[in-house]
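>
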Amino acid sequence: MRELKTISREIKELVSMIKKNKNIIALYIFGSFGTNQQHPLSDIDLAILFQEPPQLFDFLCLEADICKILQRDDVDVVNLNSSSIDIQFKVISTGDLLYCSNELLLADFKERVFNIYGDYSYILNRFYNDYKEGLNIRYGN
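Take the sequence shown: its position 124, counted from the start at 1, is 124 in our numbering, and no numbers get skipped.
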């Protein structure tokens, strides 16, 4: 579990705001913030699962509201509905769930991600390894 004492009041306020949005199924925090890998320049990475994907303007307004509540602008908000399968997998496997309005819908999403990631993780890893190798060849270590 993450250590979020430095922003616990803000997290409570954030969850309270998120609860009012009936389109949000789940809110995760992931990345280095609150872990032993956190450093002074660590941003806050949040991921949101929606029932219906929001319009861009609505998503940007939500992101601005989140930054206002957290009182910082180094917040990255990921739309889990439209993010890549490797980001979805990273969030649900390493992130911490801050809020869930519907456990059944979240379980369905997780099952889908685990199934797809299981099928494609080998291909994704080969792609990333080839990509890194290409960068090393082009730019050196």
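Just so you know, even glycine gets a beta-carbon here, dropped at the ideal spot from N, CA and C.
By the three-class DSSP mapping on this structure, what secondary structure does residue 57 have?
For the purposes of this step, residue 57 is taken as the residue at position 57 of the sequence shown. In this structure, residue 57 counts as helix in the three-state DSSP scheme.
> Going by beta carbon distance, what residues of the same chain come within less than 8 angstroms of residue 23, once the five residues before and after it are set aside?
As a first step, residue 23 is located in the sequence shown; it is residue number 23 there, counting from the start. Taken in chain order, the residues that qualify are 50, 51, 52, 54.
> With three or more beta-carbon pairs closer than 8 angstroms as the criterion, would you say the stretch 11–31 touches the stretch 91–98?
Touching, per the Cβ criterion.
> Would you kindly work out how many angstroms separate the C-alpha atoms of residue 121 and residue 62, rounded to a whole number?
Taking the sequence shown and counting its residues from 1, the one referred to as residue 121 is at position 121. Taking the sequence shown and counting its residues from 1, the one referred to as residue 62 is at position 62. Cα to Cα, the separation comes out at about 31 angstroms.
> Measure how close the beta-carbons of residue 117 and residue 69 come, nearest whole angstrom, since I'm counting them as under 8 angstroms.
For the purposes of this step, residue 117 is taken as the residue at position 117 of the sequence shown. For the purposes of this step, residue 69 is taken as the residue at position 69 of the sequence shown. About 31 angstroms; that fails the 8 angstroms criterion.
> Check whether the stretch 98–108 and the stretch 13–20 are in contact - that is, three or more C-beta pairs closer than 8 angstroms.
With the cut-off at 8 angstroms, the stretch 98–108 and the stretch 13–20 touch.
> Pull up the CB-CB distance for residue 44 and residue 75, whole angstroms please, since I reckon it's below 8 angstroms.
For the purposes of this step, residue 44 is identified with residue 44 of the sequence shown, where counting begins at 1. For the purposes of this step, residue 75 is identified with residue 75 of the sequence shown, where counting begins at 1. That belief holds up - the Cβ atoms of residue 44 and residue 75 are roughly 5 angstroms apart, short of 8 angstroms.
> Nearest to residue 66 by CA position, among 107, 7, 128, is which residue?
Here residue 66 is taken as the residue at index 66 of the sequence shown, counted from 1. The candidate whose alpha carbon is nearest that of residue 66 is 7.
> Using only alpha-carbon positions, find the residue among 88, 87, 46 that is nearest to residue 73.
Position 73 of the sequence shown, counted from the start, is the residue given in the question as residue 73. Among 88, 87, 46, the Cα nearest to that of residue 73 belongs to 46.
> Helix, strand or coil for residue 148? Go by DSSP, reduced to three states.
Residue 148 lies beyond the residue range present for the chain, which begins at 1 and ends at 141; the question has no answer from this structure.
> Who are the Cβ neighbours of residue 71 in its own chain at under 7 angstroms, not counting the five residues just before and after it?
As a working mapping, residue 71 is identified with position 71 in the sequence shown. If we look at residue 71 and ignore the five residues flanking it on each side, its Cβ neighbours are 10.
> Just reading off the beta strand (DSSP E) that residue 24 is part of, what are its end residues?
The residue labelled residue 24 in the question sits at position 24 within the sequence shown. Here the beta strand (DSSP E) through residue 24 covers 24–30.
> Per DSSP, which residues does residue 81 bridge with? Please list them.
In the sequence shown, residue 81 corresponds to position 81, counting from 1. For residue 81, which the question treats as bridged, DSSP gives no partner whatsoever.
> What span of residues does the alpha helix (DSSP H) with residue 98 cover, start to end?
Sequence index remark: in the sequence shown, residue 98 carries index 98 (1-based). It is not in any alpha helix (DSSP H) - residue 98 instead sits in the beta strand (DSSP E) that spans 96–100.
> Given residue 89, which residues of its chain have a CB within under 7 angstroms of its CB, disregarding the five upstream and five downstream residues?
For the purposes of this step, residue 89 is taken as residue 89 along the sequence shown, with counting starting at 1. Within the same chain, residue 89 has close Cβ partners 113, 117.
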